[in-house]
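Count along the sequence shown from 1, then add 19; that gives the number in our numbering.
The beta-carbon is built from N, C-alpha and C at its ideal position, and this holds for glycine as well.
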Amino acid sequence: MSGECGTWPEGKEMALETKLVHQGINPDKETGAILTPIVQSTTFIQDSVEKYLDRGFSYSRTANPTVAALEAKVAGLEGAAGGACCVATGMAATVTVMSAFLKAGDHCVITECSYGGTNRAARVMFSDLGVTFSFVDFRDPEVVKAAIRPNTKLIFSETPANPTLTLTDIRAVSAVAKAAGVPHVCDATFSTPIMTRPIELGADMTLQSLTKFYDGHNVTVGGAVASATKEINEKLHFYSNIHGNIISPQAAFYILQHSKTMGLRFRQQCKTAQAVAEMLESHEKVDIVRYPGLASFPQKALADAQHGNGIHGSMLWFEVKGGTEAGRKLMNSVQRPWSLCENLGATESILTCPAVMTHANMLKEDRLKVGITDGFVRVSCGVENTDDLVAALKKGLDDL
Ligand SMILES: Cc1ncc(COP(=O)(O)O)c(C=O)c1O
């Protein structure tokens, strides 16, 4: 029997590439517009008091149709049966999760190596509110298990971790969390759903800075938490509504469009990262390079088992011989197409100095303990030509 134009084939689960384009997006019923409209309206007229919320929306701090489309998309891509909650930034996502699960007197087991802002939120803001944190090495699930206390209410992982790329075995840590009855949130910003979907490996929540690969064009900031259950998703929406940190319809619209090419971009970025890592590993001026696609990566077996599609991400890092001075000289002199700045995961290739930029607010001893030295160079590969990128970085090293 032939299908009907405009309907989806029944009983066939769409592949990720198809979901990237279509998940959550339906042509506009009135106009046929193929893109989700930006519904730029604070409020939504109700048909009667009795029919309040019958059409799903009342006030755009609580819910908005453009944001709802993005939430459906993120939930579909992350394999999140409970749905997703999209907020203003990745940090808003982190703060929403922490405030939803952690009250005064509670304890959280959190990775000792994460994005600097996550560390700051825990160490400064939530500690001040009476929450205690154990910052531990998530490379070993037994260490995570040993850190759990009777009052532990959240386990917070990040994989690959920003900026050291240490990996968390999501399946193992989720099993530890489940056995203890504690929810596990995994910040999988560096993974993207193309490479790893934590909820499918047992995590309760996947956190994304949408600013990174989902947007991927350095255009917007945004964040999301995808949930395994409806109950968790509702809790997160409740707290997001209190914080008033919903993402704007404009930003949601951009991310809806940009995320369609995330798979194409990410695969190309991973290919370039592999080539850049191999050049660095063979260069005499490089002291150490870490990339999960290299045989020398300390957690190579876990990388191969956990990362899908034979890819290992677009992020890597290295240190040059000569320490801080030489590392900084390279960052200060590298030529285009490279740019020296913050952010990652976008079309432009970027070098970052975490000690001064993304991780400056960590306590110096905590930063050095996890290996973020002053000359540490973080690399985010974009979508420019691989050979151009390798050549420019190699020239920067040759000239040191
Ligand atoms: C892994 C990770 N999580 C969360 C964030 C915070 O995201 P945002 O900058 O969108 O607030 C970042 C930012 O760099 C990040 O790298």
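Shown here, residue 409 sits in a helix according to DSSP, grouped into three states.
Residue 200 sits in coil when the DSSP states are folded into three classes, being neither helix nor strand.
Between residue 260 and residue 397, the CB-CB gap reaches or exceeds 9 Å.
Taking a C-beta distance under 9 Å as the contact criterion, residue 124 and residue 170 qualify as a contact pair. Along the length of the segment 125 to 211, whole alpha helix (DSSP H) runs at least 4 residues long occupy 135 to 139, 160 to 166 and 189 to 199, reported in chain order. Here residue 284 is buried. Its C-beta has 16 or more other C-beta atoms within 10 Å. Under the three-state reduction of DSSP, residue 243 is assigned to strand. When rounded, the separation of the alpha-carbon atoms in residue 183 and residue 390 is 7 Å. A contact is defined here as three or more CB-CB pairs under 8 Å, and the segment 311 to 324 meets this definition with respect to the segment 282 to 302.
With a threshold of 16 other beta carbon atoms within 10 Å, residue 27 falls short and is exposed.
Exclusion of the five residues before and after residue 290 leaves 405 as the residues of its chain whose Cβ lies within less than 7 Å of its Cβ. When the beta-carbon positions are compared, residue 204 and residue 223 come within less than 9 Å of each other.
According to the DSSP assignment, residue 257 belongs to the alpha helix (DSSP H) that extends over 249 to 262.
Rounded to the nearest angstrom, the gap between the Cα atoms of residue 144 and residue 113 is 12 Å.
For residue 90, no beta strand (DSSP E) segment is defined; the enclosing uninterrupted segment is the alpha helix (DSSP H) at 84 to 97. Residue 384 and residue 317 have their C-alpha atoms spaced approximately 23 Å apart.
Shown here, residue 23 sits in coil according to DSSP, grouped into three states, outside any helix or strand. Comparing alpha carbon positions, the residue from 409, 90 and 308 closest to residue 185 is 308.
Comparing C-alpha distances from residue 371 to each of 249, 399, 418 and 54 shows the shortest one belongs to 399. Between residue 105 and residue 330, the C-beta spacing is not below 9 Å.
Between the C-alpha atoms of residue 99 and residue 344 there is a straight-line separation of about 45 Å. As computed with DSSP, residue 102 is found in a beta bridge with 246. Residue nearest to residue 210 within the set 159, 392 and 363 is 363 (criterion: CA-CA distance). Scanning its chain for C-beta atoms nearer than 6 Å, with the 5 sequence neighbours on each side dropped, one finds around residue 270 the residues 239 and 241, in chain order.
In the three-state reduction of the DSSP assignment, residue 363 falls in the coil class, being assigned neither a helical nor a strand state. In this structure, residue 228 has its CB closer than 8 Å to one or more heavy atoms of ligand 1.
By the 16-neighbour rule on beta-carbons within 10 angstroms, residue 78 is exposed. Under the three-state reduction of DSSP output, residue 344 falls in the helix class. Distances between the C-beta of residue 206 and the heavy atoms of ligand 1 include at least one below 8 Å. Counting other Cβ atoms within 10 Å of its Cβ, residue 121 reaches 16 or more and is therefore classed as buried.
Close CB contacts of residue 412 within its chain, under the 6 Å cut and outside five residues either way in sequence, are absent. Within the chosen limit of 8 Å, ligand 1 does not reach the beta carbon of residue 138 with any heavy atom. Residue 178 places its beta carbon 9 Å or farther from that of residue 230. Judged by their CB atoms, residue 374 and residue 254 are not nearer to each other than the 9 Å cut-off. The continuous beta strand (DSSP E) containing residue 228 extends over residues 224 to 228. Ligand 1 approaches residue 242 closely enough that one of its heavy atoms is under 8 Å from the residue's Cβ.
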